[in-house]
Structure formats: structure tokens, C-alpha cells
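Chains as they are written, first to last, in my numbering: chain A, 15 to 343; chain B, 15 to 343.
Working notes, structure below.
2 protein chains.
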Amino acid sequence: MKKIVLTGDRPTGNLHLGHYVGSLKKRVEMQKDYMTYIIIADFQALTDYFDQPSIIFENVYALVYDYLSCGIDPNLSKIFIQSHVGALLELSMYFMNIVSLARVQRNPTVKAELASKKMKNDVHCGFVFYPVSQAADITAFKADFVPVGVDQAPMIEQTNEIVRNFNRIYVNSPLKECKMILSDTSKLLGIDGKAKASKSLDNCIFLNDASSVVRQKVFNMYTDPDHIKISDPGRVEGNIVFHYLDVFYENKEHLLQLKTDYAKGGLGDIFLKELLFKVLEEILFPIREKRREIQIEDVKNIICEGNKAAKTVADQTLHEVKEAMRLNY
Amino acid sequence: MKKIVLTGDRPTGNLHLGHYVGSLKKRVEMQKDYMTYIIIADFQALTDYFDQPSIIFENVYALVYDYLSCGIDPNLSKIFIQSHVGALLELSMYFMNIVSLARVQRNPTVKAELASKKMKNDVHCGFVFYPVSQAADITAFKADFVPVGVDQAPMIEQTNEIVRNFNRIYVNSPLKECKMILSDTSKLLGIDGKAKASKSLDNCIFLNDASSVVRQKVFNMYTDPDHIKISDPGRVEGNIVFHYLDVFYENKEHLLQLKTDYAKGGLGDIFLKELLFKVLEEILFPIREKRREIQIEDVKNIICEGNKAAKTVADQTLHEVKEAMRLNY
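Structure representation (C-alpha cells):
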């Protein structure tokens, strides 16, 4: 039997190259060998956007367009919507009794996000409890593997702790621990070179950006302010164009040569940017082409089928959990 | 249309005279005029008994026996099991985002219970958020009225606060505020005269106690240690037999006479206890008789029908809530 992978995204905006290189590419590779469930985590997104539900509403379909255009195959990967699989929310509630409040508040991911949001006493319950909700998502599918960035690793630890607690208390528990798959690509920086590429910082190249937009974004990248004439020696370290080439250009030998030439002087930014644009377009063009073929009706059907498949599995796990808890009067 | 009442109990033990006088009697009277939903709050009981699920398991049916034997009519009152109506748990999760953690921790009922349990940092999430779960139960049925003891009043306030928050954030919200019906009977003391009658203190007369057990419990009641001979003046104040007569004996004129005689001296405890026993048996005998007629199959059917009715209503409210939150992609 195929091992199970759970992965997904919050529907809060279009996906960008950072997502592509950090997770989407890997998902497409993995879907042949693993039974993949992709969760559109709209409930989780509500913890941040409960008062702006239209943001979520507008981005659910957009996310599916991004998935399909990158090569996610709905015959191999089940794409579903978290809020449409009620068992996930129910399961969260049962887990609440076996997690102490202090423990979720000590979760490093929660702590870091609380600090960044400057929330204190006004933090709402949903935010504090979201590790429990994630644990429900993962365990409902009896996932063997969950791909995560290193900042999300504490979530997986917390999930496995919940599983161990549950299994200690209840006999015949269906829950199993999962393993995380840490992203092996380093974080993609934003085109401003300042921080991780992120929608909220408006510093990324989106998978649905038109070719002309991509070109403009690449040509607007800062390189080295001291590299004025082509003949000037240029700085490779901290040069965002080279960072993108490091991540996306597969001819590493050529790249090394370019770096040497650039550092020596004699290699112009225009040349580098044309190359980067070409490299990115090799990725983005087929994505763009595929996107044009997608019909909204297909998207709706894929979600509908995905929801159905996810419901079947999650309902079954919930049923087993409730049996273990003897709620089967 | 009939107004809606939500009421219920945690399935953690047999019901006793305290429940009878505090809520059951009232429910039986009200069920003719109100659409009554009676929740067997097994999920809520798990917040205290998550590691002893067999306590809950054993008491779910017992509770229905108690209800039916007291005169709850399943044609008028829908009896259902909380954990079997998943929408209630789902709804709780959506409410989590609009309640601050500080607010639930400030809930007087939660605070009082935390203090009595000596829980501190090890308090689990389930316990802290149970006011949110109660709010979901109440609002799912769009209850107009919720009968509560005065110690539970903060729960209703919290529910209505959640409703107001939700309705402020989301247009087309289906949620409505409820009114509490405060129990008009004073608390029934335990037969030890020391505290409120409660199963955990083992100081109560259960509705399913055999006649001989009731007799023994009544005759074991402390009256007045200084009332040794019948001719001695007796203390009425703090005399637990008079407390029970106050609550259950309907001939108030006679009771006043008895108190006067007892205080003066010349009225024996045996006489009083025989009277109390007779008064209680007038209540308990028909309950006991009715209990003997109940078949386990009927109980199962009643729960099944109650669950179905409750599901229909709660699913509909959840659907409306999700529509209001625009989760209807």
C-alpha cells in the first residue's frame, strides 16, 4: 500500500515561486509514489482572517488553479477543503481534552506568531488552539509523512505528542505518529532581496504573473549598487539575481563561471537578468499554458471529488476515535 | 410557533432529588408549551472524564431512564446525545475565533471550577473553552430559553456575547441571543445537611433508589443533636428534615404547625421522618413504577429519533453559519 502524505496551503493568496520551489515541485514529484491529500486550509486561514472571509472566499479556487497548473494530478492527489470535511473540526475538539493550555502556549510556532502579531491578552482561542486543529488534519488521514518548513516542525512534534497521549489513554486507538519531511530547498528570498518571498511583503513572482510582469520584476531586481559599468567588479554575495539563479538555474557549472566573471568585472546585469528571466520562463511558461486549459467546472468537480474522498477517510478515523473513546452507545 | 428550550445534563451519574426539584419537574411542565431539546452532554462530560470514558458510557442510558421515568415525553422533548450531533462540535470551532482566550479564562464559572479543581498550568484546552462549546449547543438550536442554576448564569452571558460578536462580524448570521430561566427553587441540600446534594459527595436520594433505601436515608438524617427526648425543644433552623419538608411538602400550613410544635418540644423526629418519607415516596413511587415499564429498545429508539431531530436542526444552523462566513464555495 502507498504511504500517505498530507500537505496543503491556506487559501490567502496566489502561490508564488517560493511555494513552487519550497513545496509544489516536490508534491508533483511525490504524488506518483504516495497517496497525497492536499488540504485547502480555509478553517485555519480563518484564525487570521475571521473578520475578512472574502479573502479566503476569493482564494480557494485560485489555489486549485495554481495546483493544477503546476502539475498536481487530481487522479493522484486528492484536493479538498478543510471546512467541508467536518470530521476534522470534530476531531480537533476531542483532542482539546488531552492537550494542556500551557503546552499549546509553549508551542514555538504559536509563540513566534504571537510575538510577530503583537497579540497578548486579546489573542483568540482559535489562534492558540490551531496546533490542535493541525493535529486533527494530520491524524485524520493517518498521514505517514508531512512536508514542512523548519519553522513548522514544532507543529509535527505537537501532533505526535497528541497521538502518544491519546494512545496512552484509549485502547484500540486508530491514531499513528507521522514523520515530517523537511523542505530541502533553502528559503527563497523576495525580489527585494530583503526577506523571504511573501505575498504580504509584495516581493514575489507569482505563478500566474504574465510574462511581461515577470520580466519587469526581474529587471527591477537590485544587484550591486557599486556595479555601475560592465567592467566594474560585481558583488555575487547578497546579489538577489544570483540568489534566484542559485535556486532555479540547473546548469551549475555555467553559473559558477558567471559568478567568477561577474566578480572579476566584465559581465553586465542585463545579461544576467535576461538569463534569469529565461530560466524562470522555462518554469513559468508551461504553468501558464496549463492554467489556460483549466475550466472552472473542472475545478469544481475536482474539489467535489476531493472532498468526497477526504470525507470518507476522515469520517472513518473519527468513527474509530469515537469507538476508542466509547462514544458508541 | 412554539418557543425553543434547550436543557440537559452531563451523563456522569444517576439523577437525584436535587435534579428533580431543580430542573426535571420544570422540564416536564414546560415540554407541553415549548419545543424542548434535551442534550445528553457527553462531550462536555469528557472535559472532566476524558480518561474515564466508561463513566460516561455507563450513564448515557441511565440518564434517559431517569428522564422518561420522571415524565419526559419523547414526543414533546427531543432527547439526543451531544457527540452524535457533530455539527455542535464543528460550530464550537468556528466560535473559537471570536472569543479571546482572556475572556474564557475570565468566565466566573470556569474560574470557580478551576479553583475547586486546583488546576493551574495543567488545565487542558477542553476545559477552558467549554463555555464556547455550550454556546454552540445553545445557538445551534436557536434556543429562546435555557434553564440554568445561578452558578451557570455566566455561561449564558458568554453565549450571548459570542452571538453579538458573530452577528457584528458576519452579515446574514442566523444566530440569536437566548434568555436564561433561573431555577426558582433554592438548592436542595444533601441528606448530610452539609452541602448541596451531589452524587460526588454521596449525600443524595437518587430517583432510582429503592423504597427501603429512601427510608433508610431519611431515617439516617441528622436533625438536632440536642433534641434527645420528644419533650425537648428542637431546632428547626438547620434541621435537614425540615429543609426537605420545606422543599417537598406541599401542605405549608401543616408544615408551619409542625415547626412550631417541634420548636416548642413534644414532636418526635420519628414522626417527622415518617412524614418526610411518605412525602418523598409520593414523588418517587410513580417514578419507580414508570421506570419498570421502560424497555431498553425504547430507549435506543428514543435516542435515535432524538439524534435525528437534533441533527436536522443543528446541521441547518451550521450550514447557515458557514454561508454567513462565506465558506460556501
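Yeah, the Cβ is synthetic: ideal placement off N, Cα and C, and Gly gets one too.
Residue pairing by DSSP places His30(A) opposite Phe220(A) in a beta bridge.
In this chain, the alpha helix (DSSP H) harbouring Lys40(A) covers 39-44.
Boundaries of the beta strand (DSSP E) around Lys92(A): 91-95. The segment 36-50 of chain A and the segment 139-152 of chain A do not touch, with fewer than 3 CB-CB distances between them shorter than 8 Å. Under the Cβ distance rule, Glu104(B) counts among the residues neighbouring chain A, one pair being separated by less than 8 Å.
Within the DSSP secondary-structure output, Gly22(B) pairs in a beta bridge with Ile53(B).
Secondary structure note for Phe155(B): it is in no beta strand (DSSP E), with a DSSP letter that is neither H nor E. Near chain B, meaning a CB-to-CB distance below 8 Å, the residues of the segment 114-147 of chain A are Ser114, Leu115, Ala116, Val118, Asn135, Asp136, Val137, His138, Cys139, Gly140, Phe141, Val142, Phe143, Val146, Ser147. A Cβ-Cβ separation of about 16 Å leaves Leu281(A) out of contact with Val232(A) under the 8 Å criterion.
Where Ile176(A) is concerned, the enclosing alpha helix (DSSP H) starts and stops at 167-183.
By the 16-neighbour rule on beta-carbons within 10 angstroms, Leu105(A) is buried.
Among the residues facing chain A, Leu272(B) is not included, as its CB has no counterpart in that chain under 8 Å away. Shown here, Ser226(B) sits in a helix according to DSSP, grouped into three states.
A contact is defined here as three or more CB-CB pairs under 8 Å, and the segment 211-219 of chain B fails this definition with respect to the segment 235-248 of chain B.
In the DSSP assignment, no residue is bridged to Leu77(B). Look at Ile308(B) here: in three-state DSSP terms it is coil, with no helix or strand label. Under the Cβ distance rule, Val327(B) does not count among the residues neighbouring chain A, no pair being separated by less than 8 Å.
DSSP, reduced to helix, strand and coil, places Met339(B) outside both helices and strands of the structure shown, so it counts as coil.
Identification of chain A residues near Val99(B) by a Cβ-Cβ cut-off of 7 Å yields none; the smallest Cβ-Cβ distance measures about 10 Å. Around Thr61(A), the same chain offers Gly140, Phe141, Tyr144 as residues with beta carbons nearer than 7 Å, after the five sequence neighbours per side are excluded.
Under a 10 Å Cβ-count criterion, Arg41(B) is classified as buried, with 16 or more other Cβ atoms of the shown protein chains found around its own Cβ. Here Leu203(A) is bridged, per DSSP, to Lys210(A). His257(A) and Ile93(A) have their C-alpha atoms spaced approximately 32 Å apart. Proximity of Lys156(A) to chain B, defined by a Cβ-Cβ separation below 8 Å, is not satisfied. If you look at Leu189(B), you'll find it isn't in any beta strand (DSSP E); DSSP assigns it neither H nor E.
The Cβ atoms of Ala277(A) and Val99(A) do not sit closer than 8 Å to each other. Exclusion of the five residues before and after Tyr263(A) leaves Leu269, Leu289, Leu290, Val293 as the residues of its chain whose Cβ lies within less than 8 Å of its Cβ. For His257(B), the uninterrupted alpha helix (DSSP H) run begins and ends at 254-262, by DSSP. Assigned with DSSP and collapsed to three states, Lys17(A) falls in strand. Chain-order list of chain A residues neighbouring Thr153(B): empty, with the shortest C-beta distance near 16 Å, by a criterion of under 8 Å. Bounds of the alpha helix (DSSP H) holding Met107(B) are 100-109.
The Cβ neighbour count for Gln58(A), taken over all protein chains shown within 10 Å, is at least 16; the residue is labelled buried. Here Ile70(B) really is in contact with Thr26(B); their C-beta atoms are around 7 Å apart, less than 8 Å. Linking Gly320(A) to Asp312(A) through their CA atoms gives a straight-line distance of about 12 Å.
Looking at the backbone, the Cα of Thr123(B) and that of Val162(A) are separated by about 40 Å. Contact check for Phe180(A) against Lys17(A) fails: the beta carbons are separated by 8 Å or more.
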